[in-house]
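Below is one structure, written out as structure tokens; comments come after it.
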Amino acid sequence: MSERVVLNANQLVKSFAGVTVVKGVDIRLEPGEAHALVGENGAGKSTLIKMLAGVHQPDSGEIQFEGRTVTIANPSAAHQLGVFTVHQEPALMPQLSVAENVFMGFLPMKKRGVFRWVDRNAMFAEAERVFQRLEISMDVRQMAAQLTIAQQQMVEIAKSLIHQTKVLILDEPTATLSVHETEILFRIVRRLQSEGTAILFVSHRLQEVFSLCSKVTVMRDGERVGVYETVHLDENRLVSLMVGRNINLNDTERREIVRNEPILKVSNLTRRPWFEDVTFDLYPGEILGMAGLVGAGRTNVAEALFGVAPAQSGEIELGGKVLRIRNARQAIAEGIVYVPEDRHKHGVALSLPIRTNMTLPSLANLSKWGITQPRVETRLSEEMVRELNVKTTSVLQLVSQLSGGNQQKVVFAKWVSRKPRIMILDEPTRGVDVGAKSEIYRIIRSLADTGVAVLVISSDLPEILALSDRVLVMKEGRLVADLDKAHLSEENIMRHATGVKATVS
Amino acid sequence: GCGAVTSSQGGGGNTSNTSNATSGGTTQQQTIKVAMIPKEIGIPYFTGASQGAKSVASQLHIQLTYNGPTTASASDQVSMINSYVAQGYKVIAVSANDPTSLAPALKAAMAKGVKVITWDSDVVPSARQYFVNQATAEGIGSTLVQITAQHFQGQGTVDVGILSSTPTNPNQNSWIDVMKKTIASKYPNLHIVTIQYDQEQPDVGLTAAENMIKAYPNMKAIISPDSVGVPAAAEAVEKLGMKGKIYVTGLADPIQMKQYVDDGTVQQFVLWNVPELGALTMYVARAVADGTMPTSGTFTAGSLGSFKVSNGQVLLGNPTVFDKASTDKANY
Amino acid sequence: MAFMVLLLLVLLVSNPSFLKPGNLMDILLSTVTVGILALGEVGVIVTKGIDLSIGAAMGIVTLVVGEAALAGWPIWLVVLGGLIVGAVAGALNGVMISLVKLPPIIVTLGTLSVYSGIMYVVTNGQWVQNLPSQLLALGSFKLWFLPGPVLILLLCLLVLAVFLRYTVTGRYIYAIGNNADAARLAGIRETRIVFLPYLIAGLLAGVAGVLYIAYNGFSTPSTGADLNLEAIAAAVIGGTNVFGGRGTALGAVLGAVLLGIITEALVFFHLPAVWNEAAEGLIILVAVISDSTLIRKVNMGRG
Amino acid sequence: MKRSSIWSLMTLGVFVVEMVVFSAFTPGFLNLNNLLSSTNNFMAVGVMALSMAFVIIAGGIDLSVGSMMSLCGMVFGVLWQHGMNVWLAALIAILFGGLLGFINGQIIVRTGIQPLIATLATLFIYGSIAMVISGQGQGSIYGFPQSFLLVGTGYLFGFAPIQLLVFIVLALVFGFLLQRTSYGRRVIFIGNNENSAFYSGVAVARVKTWTYVVSGFTSGLAAILLGSYFASVRGDMGLNFELTVITVCLVGGINVFGGSGNIFGVVVGTFILGMLQQGLNMLNVSSVEQSIVTGVILILAVGIQQLNVIFSRRRKPQASSVKQVANVS
Ligand SMILES: Nc1ncnc2c1ncn2[C@@H]1O[C@H](COP(=O)(O)OP(=O)(O)OP(=O)(O)O)[C@@H](O)[C@H]1O
Ligand SMILES: Nc1ncnc2c1ncn2[C@@H]1O[C@H](COP(=O)(O)OP(=O)(O)OP(=O)(O)O)[C@@H](O)[C@H]1O
Ligand SMILES: [Mg+2]
Ligand SMILES: [Mg+2]
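Protein chains in written order, with the working numbering: chain A, 1 to 505; chain B, 1001 to 1332; chain C, 2001 to 2303; chain D, 3001 to 3329.
Put into structure tokens, the structure is as follows:
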């Protein structure tokens, strides 16, 4: 039995600055097994994974690899064992080519003289092959700086596929991916599995857990709740194991929307080469979904509406007034706010406290004669922390110390407090756990109920379906469908998004 | 120009209170602390002066501190002056980087009973008691022009380039002013075509000189009143194969010029006796401390001989024109 | 460097003698020192570092080389000594930055002071001059039509460019500068990779120092004081980003050449020298701005 | 925030050690009057460092401060020479500094070129213009009225140097500005994540431009202080000041890459470096040795402040255990 175990971690403990975040967790992986790791934001999943990947050292506990006790002192030690990890936040080298990013640390080389030369041709060819396997068209010579967050995620995945892996750890690899890319990823993972690789898979999309994994380890507050066979579970049961209570994501009790006058009329909005002739209306109180494959141009449309990347032509009419939105400040002043998809780049300042991040857009209102009011700010941000259930010790904690999902709530919080007219949410629940997701859904719905018009861009189809009153579908920079409630289904959306009839698991 | 460097030529009428200073260990003297501050350290010129000063300091019962900024900065000199005052120095002898910036600090020093003299580069007269003047601007400027003019005697218009140190150096500027005036009045065939700067860096000087030679093809002479500039100009002339075609002269230390004089790139250059300047400064310091210094007339500085004093200025004498023979003899 | 071409064209039209091959070679000659030092800065700045002491390190080398030559050492030993002194100066920076993890700007500001002080100590405040002709020959030899120093500059450029672009270690230098965390996750040993550029910079300061004294014929205790910022400027003008991750060897040398052209052009335009720096600043601005807008345009077009 | 306040405490410690060492070795050093009056030597640097802190925290750098100082000094001098009231001339010179800073800021935010290179260029340009003006004005300009000279050399209540008081008041204002105003908050945020600030509706370009404008103001003020202290202004009075000013900021714990630092640290940094020169002068250390000592102390001071960082890093087992793993696999 025990020789069937490739990796066996016993009683791992890790604390940061006196706070124990992983409290004696076991995990066992067998070759060819796909094992899910689930839990709320901040449950300690990434921390556990980082101990297996050599990023963090456990305070106590031991890790056995193929029966022998090992110290995984740093990432290259993990690599030597055959343990490769796709971390939660993509960390690419923006000024280097995609291919170099993929191979960094393992650059194909020819030895000649004292130097080790990079075999560039081999590198580019290899990289192209990897992306072909991923069924993605990617210019491997372009600089990583130009990639969207989803493309970055694909590069991260590609990095782990160039090795002979014994254990492949995937920390929320699908958070930015749409169904299409996710399917491709799963096909590859299944093949690796059949070759004997053990997979440890983290996701907040429980459907994926059920479709990919045979076992699931549930964590809550740094502890292991238990290990279960997925065949013996269903989604609701799993959620209650994670959260300790029942949650219904599809709570659709919504006020009927009366579509009288649109608050926002967008006509023929164009910004080549990103999108063209985008025309749609948005009504007060409506939640409008926007679906599409990665790179369809949704984010670009949002950025045009928010003014950070203004459109070249076309018209934006807000509350009957034609606007030329040239920058974010103007958009915000008009009541348009935007939760960006790349939260590390555009959403938060990681090394500043939660409070500072949450109050930045409202700073003018929160200060008197330009003098800040720390107490007022604290009160407001504590309120937001409570309302959004941000898991933190204090509002003065640095955002970098929060789990990914909680960071997302911070971004969300800074806009909710501004009482906007139009809220554009770009992947609003990327990396957010089920519990928080339902809270965010609740907030989105109640905002909409108070008359806020919401545009939700999401690659998570169940999310689009759960939230939207109406769905726009984008494909290659154009709006290809406007589906009302009656016509909403995953199949229908995917058909428009891909242009072919797709099957969805 | 700098108003401080005034001409003392023709000042012979002033003979009323000639007195001889009693200096050089005849009487039992008390040791005094003297601070000697050059414009900057690390330049052979000032190092030469310090050697001259050191050679006479002990016989004058002077405890000498020689220290200056590493770059020619007036503000560094001010903070040095302040700390010497705080440490109870008797005399401060400074070669000023700026005639006016040092004035408040020096006046404050005098108010506390410290004797202040300047050497090599003066401050406004109200901020010091004596200025030991190495040579008048007239002397330097006209000599440089004169030897150049003699070299080109009988020729038509001669284009001349000037390579100075920095645009703000007061000594350089006053010398260049005199050169211009002398040319205008006596040698109208000389024609200054450009003034460039070496920023006191050999490579900058070399590049500047090369560029001058190329940009002004008719230029026949380079005069550099700066000890970095002369060897740089000579080097440029050699590099561009213009030896014999471009005449190089200026103010420089003999030891620097030896190689260029030896190989014939430079025939003549100008300087005063720098160690003697340092030594004279020490004699003046001693006399000022003792209260035996005359305000005008003649001042006898031990073995150095006697020097003319007028309006609080002690004049070292006229600059020397060095040629191959005298360069070989000089050791500074 | 499109602007550079433009500048050269303007010069050609206004003063044809400027672009004579001999003159161009002279410009290259006058940029050798700054060019080599700028090459040293590239690797350093790519790793998000900076070396403010590079001119002072070169200054020490000029003095040591000069003194050693005057003391009658054989010329190969003199050169070797110069390179070693440069490398040691660079290594000292490197150790404090990579191993002790002190901020590069502070370390090199500190060593700038220390090295400048040492320059006076080495020479006792005197200049180094009247050098033996074997040493001076290093500055004036020619290979066919190429002056020796230019040849060595080109050699340094070639080696460094190839090293940075085509070797594994070179790519690791970029990786660290781009995203040190990601590089660590990829198993790159940070300490070693951060150390290397400083060593290289020191070594190049050694090369530059030997050439400087051999070419200029003398050196003073303040030699190189003006080159610390100029070398950085050349590298940055050539496209090296002070926030790390980007920069090329060729760019740095082109940056140095641009500075050289500007200096010479100003004299050719018969501009009073007090205006030189203003014109230099203005041309740098125009050059960098026009290049960056050009680059932006190209990127847009490509997208 | 937390890390930078640890830093400033450490910095304060370094300052105390420095003072103790100097008073132990120099008999006359701990004379309060001497100490107070010696601050006159470095207050101009301190004033410029206060605003440089803002520039650096916002992710920029300003190499042109010395040249702006020279140019403001010349503008002041020339205006006064042409008969303007000396105080009005001073005010105009300071405002003119703001204009120069505005130009810096606009070049940077409009063209997107690196601040290092933009301000290096204006360092040349402003400095050169100052030289040109001074060339026409015959070197230095002097002879200001006695009342004006009091700014640089006078004492309030007989012992408190006016320059020092100006610096302290300004430090309080700047400290308040950084820690307690929305402007300061935006500066810090931009230094941490400019993109995120932009996406949050912060007028990034305007906030950044203002840091340079303020840097210009203080350069103008420094020119006035120094002009009064030296009783003259000249075209190269600000030469080589930039590195000193930046050094003060770095010693004071301002992060070169922006985002963190505080004004208290800058104040302590000003005194550490200023007193260092004073103390070494009193010890009769030659300027050559001073240069070496200053360099070593600079590295040591920061090294000590880094100790906690280094130790926390050491606690983790490091690369040594890689071999262990290699044996296992
Ligand atoms: N470097 C750190 N310093 C301090 N606290 C940390 C650090 N890293 C993580 N934490 C804390 O540890 C807890 C667990 O974080 P972790 O990232 O492991 O959660 P997670 O389960 O991966 O959550 P998510 O689903 O949101 O990614 C969180 O409360 C987080 O705030
Ligand atoms: N080559 C590029 N250069 C500059 N910016 C780019 C480039 N490619 C993408 N972007 C930026 O990346 C972001 C996302 O663009 P994209 O068109 O892929 O959006 P999307 O369809 O919403 O993708 P997703 O489905 O991942 O949200 C936008 O901010 C866009 O401006
Ligand atoms: Mg996580
Ligand atoms: Mg998107």
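We treat Cβ as the ideally placed atom computed from N, Cα and C, and that holds for glycine.
What are the partner residues of Q1196 of chain B, as DSSP defines its beta bridges? B:L1163.
Below 8 Å on C-beta distance, what does Q1087 of chain B contact in chain D? Chain-order list of chain D residues neighbouring Q1087 of chain B: G3028, M3282, N3284, by C-beta distance under 8 Å.
Out of curiosity, what's the CA-to-CA distance linking I3272 of chain D and G3252 of chain D? Rounded to the nearest angstrom, the two C-alpha atoms are 9 Å apart.
Can you tell me whether K2101 of chain C sits near ligand 1, meaning its C-beta is under 8 Å from at least one heavy atom of the ligand? Answer for K2101 of chain C: no, Cβ out of range of ligand 1.
Extent of the continuous beta strand (DSSP E) run through H35 of chain A: Where H35 of chain A is concerned, the enclosing beta strand (DSSP E) stretches over 34 to 39.
I need the boundaries of the beta strand (DSSP E) containing L168 of chain A, first residue and last residue. Per DSSP, the unbroken beta strand (DSSP E) holding L168 of chain A starts and ends at 167 to 171.
Taking DSSP as the reference, what is the three-state secondary structure of Q3277 of chain D? Residue state, collapsed to three classes: helix.
On the CB-based measure, 16 or more other CB atoms within 10 Å of its CB, does L3088 of chain D come out buried or exposed? Counting Cβ neighbours within 10 Å, L3088 of chain D comes out exposed, since fewer than 16 surround it.
May I have a chain-ordered list of the alpha helix (DSSP H) segments no shorter than 4 residues that lie completely inside the segment 371 to 425 of chain A? Taking only runs of at least 4 residues, the alpha helix (DSSP H) segments lying wholly in the segment 371 to 425 of chain A are 374 to 388, 404 to 416.
Which value, in whole angstroms, describes the spacing of the CA atoms of G1001 of chain B and V1132 of chain B? Note on G1001 of chain B: pLDDT 29, under 50, position unreliable in the model; no value is reported.
What I want to know is whether the C-beta of D2181 of chain C ends up closer than 8 Å to one or more non-hydrogen atoms of ligand 3. Flag unset: Cβ of D2181 of chain C not near ligand 3.
Taking the beta carbon of V1175 of chain B as the centre, do at least 16 other beta carbons fall within 10 Å, making it buried, or is it exposed? What sits at residue 1175 of chain B in the sequence shown is Trp, not Val. Classification of W1175 of chain B: buried, given that the 10 Å Cβ count is 16 or more.
Determine which residues of the segment 449 to 471 of chain A have a Cβ less than 7 Å from any Cβ of chain C, and write them out in chain order. Hits within the stretch: zero.
In angstroms, rounded to a whole number, what distance separates the CA positions of K485 of chain A and R329 of chain A? Rounded to the nearest angstrom, the two C-alpha atoms are 34 Å apart.
Can you tell me the Cα-Cα spacing of S2030 of chain C and T1168 of chain B, whole angstroms? Rounded to whole angstroms, S2030 of chain C and T1168 of chain B show a C-alpha spacing of 25 Å.
For chain C, check one thing: does any of its Cβ atoms lie closer than 9 Å to the Cβ of E3289 of chain D? So, interface residue.
Name the chain B residues whose beta carbon is nearer than 7 Å to that of A2274 of chain C? According to the sequence displayed, residue 2274 of chain C carries Val and not Ala. Near V2274 of chain C (Cβ distances below 7 Å), the residues of chain B are P1167.
Starting from the beta carbon of G105 of chain A, find every residue of chain C whose beta carbon is closer than 9 Å, and list them in chain order. Result: Y2172, A2175, A2183, L2185, A2186, G2187, I2188.
Since A91 of chain A meets chain C, which of its residues come closer than 7 Å, beta carbon to beta carbon? Those within 7 Å of A91 of chain A in chain C are N2179, D2181, A2182, L2185.
To the nearest angstrom, how far is it from the Cα of E510 of chain A to the Cα of E89 of chain A? No information on residue 510 of chain A is available, as it lies outside the stretch 1 to 505 that chain A covers here.
Chain C contact for T1327 of chain B (CB, 9 Å cutoff): No, T1327 of chain B lies away from the interface with chain C (no Cβ there is under 9 Å from its Cβ).
Counting only the same chain and skipping the five closest in sequence on each side, list residues whose C-beta sits under 6 Å from that of S1023 of chain B. Only weak support is given to the placement of S1023 of chain B: the predicted model assigns it a pLDDT of 44, under 50, and the value that follows is read from those uncertain coordinates. Same-chain partners within the cutoff: Y1283, R1286, A1287, G1302.
Give a yes or no on whether 9 Å exceeds the smallest Cβ distance from V2286 of chain C to chain B. So, not an interface residue.
Could you give the distance in angstroms between the alpha-carbon of W1272 of chain B and the alpha-carbon of K1220 of chain B? Our two residues, W1272 of chain B and K1220 of chain B, have alpha carbons roughly 26 Å apart in a direct line.
Contact between the segment 3103 to 3110 of chain D and the segment 3077 to 3094 of chain D is defined here as three or more beta-carbon pairs at a separation below 8 Å; is this criterion met? Between the segment 3103 to 3110 of chain D and the segment 3077 to 3094 of chain D, the count of C-beta pairs closer than 8 Å stays below three; the two stretches do not touch.
Determine the direct distance from the alpha carbon of T372 of chain A to that of Q57 of chain A, and round the result to whole angstroms. Annotation: Q57 of chain A to T372 of chain A spans about 41 Å, alpha carbon to alpha carbon.
Give me the chain B residues within the contact set of A3153 of chain D, using Cβ-Cβ distance strictly less than 7 Å, ordered along the chain. In the sequence on display, residue 3153 of chain D carries Thr and not Ala. For T3153 of chain D, the C-beta contacts it makes with chain B under 7 Å involve P1104, in order along the chain.
Neighbourhood of G1244 of chain B by C-beta distance below 8 Å, restricted to the same chain and skipping five residues each side: So the qualifying residues of the chain are G1264.
For a cutoff of 9 Å on Cβ pairs, would you count M2025 of chain C as touching chain B? False, the Cβ-Cβ gap to chain B never drops below 9 Å.
Inter-stretch contact (C-beta, 8 Å, three-pair minimum) for the segment 2271 to 2283 of chain C and the segment 1189 to 1201 of chain B: As far as the Cβ criterion goes, the segment 2271 to 2283 of chain C touches the segment 1189 to 1201 of chain B, which means the pair count is three or higher.
I need the DSSP call for P3161 of chain D, collapsed to helix, strand or coil. In this structure, P3161 of chain D counts as strand in the three-state DSSP scheme.
Is Q88 of chain A near ligand 3, judged by its Cβ being under 8 Å from some heavy atom? Yes, ligand 3 has a heavy atom inside 8 Å of this Cβ.
With burial defined as no fewer than 16 other Cβ atoms inside 10 Å of the residue's Cβ, what is the status of E463 of chain A: buried or exposed? Classification for E463 of chain A: buried.
At what residues does the beta strand (DSSP E) containing V278 of chain A begin and finish? Looking at the DSSP string, the run of the beta strand (DSSP E) that includes V278 of chain A is 275 to 282.
First and last residue of the uninterrupted alpha helix (DSSP H) at Q330 of chain A: Start and end: 328 to 333.
Would you check whether ligand 1 has a heavy atom nearer than 8 Å to the C-beta of H204 of chain A? Yes, the Cβ of H204 of chain A comes within 8 Å of a heavy atom of ligand 1.
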